[in-house]
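Enquirer:
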Amino acid sequence: MFRKSSEKRISLQAEIILKAMTSNAKYAYEFDVTEGLIQQDIIGSDGINYTKIAGLTSPFSYDEYVDICYGPKINCSMLMGTKVEKVICQYLIDSYKSGKSRIEINFFSPITNEYIRTLYFLFEDEQNNHIMAFVVGRAIK
C-alpha cells in the first residue's frame, strides 16, 4: 500500500515539474543522445512542425536536424557569447561526461522571427545507460 502511494506521489510531482519546465515553451521534446535519434516530430506550442520545415520525417537524426537548422535552408544563428557553434550529439555526450547536466544556448530563429533560449537537460536512462536529452525552447523577451 505504501509503495503505491509513494509511486503515485512521485508521479504527480514529476508531472508538476514537467508542466513547470514546459510552461510558455515554444517547443519541448526528448531524444536519445547516444543513438542520436529523435523519434517524434518536433511540433511547437503554436502548431509549427519544425521537423517538416527541415524536410525530415520521424524518426530522424538530431545532428542532421541541427545541420539543416544552421545551414542555408533555415539559417538559424547563435547569439554572441554562445560558446559553441552547433549543439551536436558529441558535444552533448562530452558535456554530460564532464559533469554538465544542463546546457543553455541562445539563437535567432528565422522561422518564428525571434530569439530563442534552448535548455538541454541531460540524464542517463537507467534501463539502457543511454544519455537522453529533454529540450525546452522559449522565446527571449
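With this note's numbering, the residue at position 9 of the sequence shown is 10, and numbering never jumps.
The beta-carbon is built from N, C-alpha and C at its ideal position, and this holds for glycine as well.
Small disclaimer: the values here were computed from a predicted structure and weren't measured.
Give me whichever residues DSSP pairs with LEU117 in a beta bridge.
Expert: According to the sequence shown, residue 117 is Ile rather than Leu. Paired residues: PHE108, ALA140.
Enquirer: Mind checking which residues open and close the beta strand (DSSP E) that includes GLU65?
Expert: Segment 63–70 is the alpha helix (DSSP H) holding GLU65; no beta strand (DSSP E) there.
Enquirer: Buried or exposed: where does ILE141 fall if 16 or more other Cβ atoms within 10 Å of its Cβ makes it buried?
Expert: The C-beta of ILE141 has fewer than 16 other C-beta atoms within 10 Å across all chains shown, which makes the residue exposed.
Enquirer: Does DSSP put SER96 in a helix, in a strand, or in coil?
Expert: In this structure, SER96 counts as helix in the three-state DSSP scheme.
Enquirer: Which class does ILE54 belong to by DSSP, given the choice of helix, strand or coil?
Expert: helix
Enquirer: Suppose contacts are defined by Cβ-Cβ distances below 8 Å. Is VAL34 in contact with MET133 by that definition?
Expert: yes
Enquirer: Should CYS77 and PHE109 be called a contact, given that it needs their Cβ atoms to be closer than 8 Å?
Expert: Cβ atoms of CYS77 and PHE109: closer than 8 Å.
Enquirer: The beta strand (DSSP E) that contains ALA29, what's its start and end?
Expert: Counted as a single uninterrupted DSSP element, the beta strand (DSSP E) harbouring ALA29 occupies residues 28–33.
Enquirer: Can you tell me whether MET2 is buried or exposed, with buried defined as 16 or more other CB within 10 angstroms of its CB?
Expert: In this prediction, MET2 has a pLDDT of 48, which is less than 50 and means its spatial position is unreliable; nothing more can be read from the coordinates.
Enquirer: Excluding the five sequence neighbours on either side, which residues of its own chain have a C-beta within less than 6 Å of the C-beta of PRO111, listed in chain order?
Expert: ASN76
Enquirer: Taking the alpha carbon of GLU36 as the point to measure from, which residue in GLY138, VAL137, ASP126, ARG139 has its own alpha carbon closest?
Expert: Nearest of GLY138, VAL137, ASP126, ARG139 to GLU36, Cα basis: ASP126.
Enquirer: Is the Cβ-Cβ distance between LEU80 and TYR116 less than 8 Å?
Expert: yes
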